[in-house]
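In the UniProt record's numbering, the protein residues as written are 1 to 520.
Where is the CB? At the ideal position from N, CA and C, for every residue including glycine.
Heads up, the thing below is written out as structure tokens.
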Amino acid sequence: MPDLTAAQHVLRTTFGFDAFRPGQAEIVEAVLAGEDVLAVMPTGSGKSLCYQLPALMGDGLTLVVSPLISLMRNQVAQLSAYGIQAASLNSTNDPAENRDILDRIDAGALKLLYIAPERLAKSDTLNRLARAGISLLAVDEAHCISQWGHDFRPEYLTLGTIRQSLPELRIVALTATADKATRADIQEKLFPATPRVFVHGFDRPNLSLAMRAKSSARKQIAAFVKAHRGQSGIVYCNSRRQTEDLAEALTAAGTPTLHYHAGMDPELRNRHQERFLQEDGVVIAATVAFGMGIDKPDVRFVAHAGLPKNIESYYQEIGRAGRDGLPADTLALYGLDDIRLRRTQIEDSDASPEQKRVEKQRLNALVALCEAPRCRRQTLLAYFGETAEPCGNCDLCIDGVEVIDGTIAAQKALSAMVRTGERFGTEHLVNILCGEETEAIAKFGHDRLPTFGVGREHSRNEWRSIFRQLYAAGVISLDIAGYGRWEMTALGRDILKGQAGLELRKDRLRPAREKADRSA
Ligand code: ADP
Ligand code: ZN
């Protein structure tokens with residue numbers, strides 16, 4: 001049986017690479033040993049080699065399913081340059097070309113065949129391939145099989161049935177999309193039994209990580225950008241309007257900043273992008289429309305003026321900093337308004353109820369990362385299935401995070417909720433706790449509640465953070481309808497009854513003014 005030494009030989013002689021990249025060796029070894037594999041590694045980490053190399057070492061043909069014809073063509077061109085017998089069977093080939101490829105398959109002259117999933121599902125194609133002897137099925141961009149993924153392709157679902165016609169087939173599936181829901185879905189739809197799962201390479205140790213509660217996004221971002229003056233950076237905004245406002249404000253404050261969003265004149269947009277790419281020290285204030293396919297190695301910081309969409313988007317977006325491997329800084333701001341907006345967007349989307357549930361879980365995971373009490377990188381990598389030591393390069397590792405007993409604060413908040421029938425959102429509840437005589441308070445008679453004014457020891461901002469932390473800790477949940485009303489969970493009931501305690505982050509309970517100063 002071929003072993004890793006033999007694989008290393010092929011790596012050097014055929015591909016011309018000196019060594020495996022992190023993660024590749026284990027995967028190649030497992031595939032060579034005949035195991036089914038699901039490999040989750042970031043874009044650019046060298047996933048293709050994990051099936052190309054075993055393909056060369058085995059007998060028979062390796063089928064590679066890939067979603068885009070252009071991707072297939074590139075890969076085939078690259079392999080041919082290495083002297084490897086590879087081809088792609090697709091609808092843009094002329095008939096003669098396809099006939100020639102089929103002849104090469106019959107003659108056993110091909111090692112790798114790239115093929116679109118819908119073509120593979122055709123029984124005559126499949127029979128012909130089966131006769132030629134397929135040893136391995138590689139499924140590239142395997143998340144396309146998942147409805148939870150961002151790129152669902154129904155034709156990928158046919159792959160599950162191919163397995164039935166070719167029971168001996170080994171499968172290696174590859175993707176950069178790593179969250180649990182997507183992975184579980186790939187496993188279920190593609191593999192007959194649990195495959196070996198490899199998750200590797202999501203850590204970007206040169207990126208410093210920081211997340212901070214939003215007090216004034218504009219001031220906080222301005223301070224962060226000022227601390228990086230002369231460096232290139234990206235500020236992600238949650239609206240087109242905000243990109244324009246921030247670009248103006250930051251430029252006025254002395255940092256040349258350009259806005260970028262999908263709604264602007266394409267010519268101007270290109271000009272902004274070009275300036276960002278070519279000049280030093282230019283900052284771009286952009287919506288998430290910016291960044292795909294942009295490769296600027298020396299982006300020194302990425303800031304989020306508002307909550308990213310979910311952990312995967314956050315990871316993608318901060319990943320545009322420090323591609324050169326040198327230190328780069330990231331900062332993400334989050335506020336309850338962002339969380340509520342995202343929640344409403346999910347509710348209002350056309351997604352199925354199940355998908356909405358998954359999206360809400362993803363949002364909860366992101367909120368929990370924001371309010372995490374331990375190393376951010378550990379929390380982030382754990383989400384992708386990787387384990388790590390405390391990193392020493394995130395705000396929580398550096399500043400530490402002190403916790404205090406927050407049981408009484410939690411009980412006060414819960415009591416305010418329960419006494420008002422769990423029908424109100426943060427602002428009204430904070431008004432009750434702080435004893436504010438607002439119109440709504442008077443209208444509902446909430447100034448007569450025993451809870452009215454019992455929370456004056458905390459500022460309004462602290463109470464907002466307490467509600468966020470209660471949410472992150474699973475003590476309260478938002479109403480399904482998305483009105484921003486807080487409801488008590490089972491854990492919340494236990495805390496209210498004194499049967500469970502709760503710790504809160506001490507740093508979030510300082511007065512807002514002091515917090516804003518710290519971020520400067
Ligand atoms: P992915 O599919 O994970 O996005 P690719 O398979 O396209 O990444 O690989 C990215 C680049 O890395 C390619 O140019 C590939 O040739 C190169 N590469 C892969 N493995 C190695 C290696 N062991 N040593 C050096 N370069 C490698
Ligand atoms: Zn850390």
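Where P154 and C144 are concerned, what is the direct C-alpha to C-alpha distance, given to the nearest angstrom? 8 Å
Start and end residues, beta strand (DSSP E) containing A303: 301–304
Could you tell me the distance, in whole angstroms, from the CA atom of C394 to the CA atom of P167? 48 Å
If you reduce the DSSP assignment to three classes, tell me which class T330 lands in. strand
Given that a residue counts as buried once 16 or more other Cβ atoms are within 10 Å of its Cβ, and exposed if not, what is F20? buried
Quick check: is any heavy atom of the ligand GDP less than 8 Å from the C-beta of P205? This structure lacks the ligand GDP; the ligands present are the ligand ADP and the ligand ZN.
Please say whether L89 and S135 have beta carbons closer to each other than 9 Å? no
Which residues in the same chain have their Cβ closer than 7 Å to the Cβ of P373, if we skip the five residues on either side of it in sequence? V401, V403, R505
The ligand ZN and R376: does any heavy atom of the ligand fall closer than 8 Å to the residue's C-beta? yes
Grab me the residues of G484's own chain with a C-beta within less than 6 Å of its C-beta, minus the 5 sequence neighbours each way, in chain order. R340, G425
P117 and L61 closer than 9 Å at C-beta: no
For the ligand ADP, is there any heavy atom lying closer than 8 Å to the beta carbon of P42? yes
Which stretch, first to last residue, makes up the alpha helix (DSSP H) that contains F444? 439–444
Terminal residues of the beta strand (DSSP E) in which I346 lies: Per DSSP, I346 belongs to no beta strand (DSSP E); it is in the alpha helix (DSSP H), 336–348.
Contact check, I101 vs A81, beta carbons under 9 Å: no
Just the Cα atoms here: how many angstroms apart are L113 and D106? 12 Å
DSSP-derived helix/strand/coil call for A405: As written in the sequence, residue 405 is Asp, which differs from the Ala given in the question. DSSP places D405 in strand when its eight states are reduced to three.
Quickly, what does DSSP pair Y315 with across the bridge? List them, please. In the DSSP output, where bridge partners are listed per residue, Y315 has none listed.
Span of the alpha helix (DSSP H), counted from its first residue to its last, around residue 590: Absent from the model: residue 590. The displayed extent of the chain is 1 to 520, so no value can be given.
Taking just the CA atoms, how far does D298 sit from L258? 17 Å
Exposed or buried, which one is S352 when buried takes at least 16 other CB atoms within 10 Å? exposed
Could you compute how far the alpha carbon of E436 sits from the alpha carbon of E462? 15 Å
Coarse secondary structure for V367, derived from DSSP in three states: helix
Looking only at C-alpha atoms, which of E439, G474, C434 sits nearest to residue 521? Residue coverage of the chain in this structure runs from 1 to 520, which leaves residue 521 outside it and unanswerable.
Check F17 in the structure and name its three-state DSSP category. coil
A490: first and last residue of the uninterrupted alpha helix (DSSP H) it sits in: 490–496
Using alpha carbons as the reference points, say which of E279, F198, I311 lies closest to K296. E279
Comparing the CB of L331 with every heavy atom of the ligand ZN, is any distance shorter than 8 Å? no
Taking buried to mean at least 16 other C-beta atoms within 10 Å of its own C-beta, is L277 buried or exposed? exposed
Rounded to a whole number of angstroms, what is the C-alpha to C-alpha distance between V454 and E427? 15 Å
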